[in-house]
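J.:
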Amino acid sequence: MSDISEAFLAGRKKASDTRPEQTRPDPFQIGVDWVEHVLKPAVADADAALRPHGVGVRLDLNLDHRSTNHAHADFWLVQTQTASGQSYDGPKHSVNVVGRDIMLYKPGAPGRSLGTTDAVRANEVKDLLRQAAEEYGTLFRAE
């Protein structure tokens with residue numbers, strides 16, 4: 013191989029080694045992965061645990077990069093078994109994952125940081141769901 017070819021290939025390798033955008037994970041995908049692998053399973057577990065009490069956890073996701081610039085999930089508790097067929101919905105909790113940062117928004121309260129996708133794992137989400145269940149328990153309208 014000629015010196016010029018070696019120089020070109022060395023330069024190309026050097027350029028590819030220093031391009032951070034090639035190795036940096038997509039910020040939107042980080043949020044989607046966290047919602048899919050941490051939030052959704054915790055909500056499913058909470059829903060299963062509450063079903064015998066006539067309560068469920070609803071989850072509404074927006075993980076479409078074409079409609080938002082971050083992963084978004086809403087969850088709220090609802091009655092599942094009522095004599096009248098009417099259901100009482102609890103307050104909606106909105107979770108926005110922007111890059112690695114997780115924010116929680118609730119009606120009547122300022123948004124608050126829950127932490128990062130690296131720090132907020134299943135146990136922290138289960139604590140959040142326990143708090144939501146306790147809050148809903150104080151508002152629950154048994155028939």
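In the working numbering, the protein residues as written are 13 to 155.
Backbone N, C-alpha and C define an ideal beta-carbon position, used for all residues, glycine too.
As the structure is a computational prediction, the values presented were derived from the model and not from experiment.
How about Gly-111 and Gln-91: are their beta carbons less than 7 Å apart?
T.: The answer is no: Cβ separation not under 7 Å.
J.: Confirm, please, whether the CB-CB distance from Ala-54 to Val-69 is below 7 Å.
T.: Not closer than 7 Å, so no.
J.: Can you give the Cα-Cα distance for Ala-144 and His-77, rounded to whole angstroms?
T.: Going by the C-alpha atoms only, they are around 28 Å apart.
J.: Return the first residue and the last residue of the beta strand (DSSP E) that Tyr-117 is part of.
T.: Segment 113–118, the beta strand (DSSP E) holding Tyr-117.
J.: Which residue's Cα is closest to the Cα of Gly-120: Phe-87, Thr-129, Pro-103 and Ser-96?
T.: Taking only the C-alpha atoms, the option nearest Gly-120 is Pro-103.
J.: What is the DSSP secondary structure of Val-44, counted as helix, strand or coil?
T.: Looking at Val-44 - three-state DSSP - the assignment turns out to be helix.
J.: Near Tyr-117, which residues of its chain fall below 6 Å by C-beta distance, leaving aside the five closest residues on each side in sequence?
T.: These residues qualify, in order along the chain: Ser-106 and Gly-123.
J.: Could you pull out every unbroken alpha helix (DSSP H) segment of at least 4 residues lying fully inside the stretch 39–93, listed in chain order?
T.: Taking only runs of at least 4 residues, the alpha helix (DSSP H) segments lying wholly in the stretch 39–93 are 39–46 and 52–62.
J.: Secondary structure at Ser-125, three-state DSSP: helix, strand or coil?
T.: It is a strand residue.
J.: Report yes or no: do the stretch 34–46 and the stretch 75–89 share at least 3 C-beta pairs separated by less than 8 Å?
T.: Result yes; three or more Cβ-Cβ pairs closer than 8 Å.
J.: For Asp-45, I'd like the list of residues in its chain whose CB is within less than 6 Å of its CB, leaving aside the five on either flank, ordered along the chain.
T.: Cβ neighbours of Asp-45 beyond the five flanking positions: none.
J.: Mapping DSSP to helix, strand and coil, what is Val-109?
T.: Three-state DSSP puts Val-109 in a strand.
J.: Helix, strand or coil, according to DSSP, for Asp-130 in the structure here?
T.: Coil.
J.: For Ala-19, count neighbouring Cβ atoms within 10 angstroms of its own Cβ and tell me buried if that reaches 16, exposed if not.
T.: Exposed: under 16 other Cβ atoms inside 10 Å.
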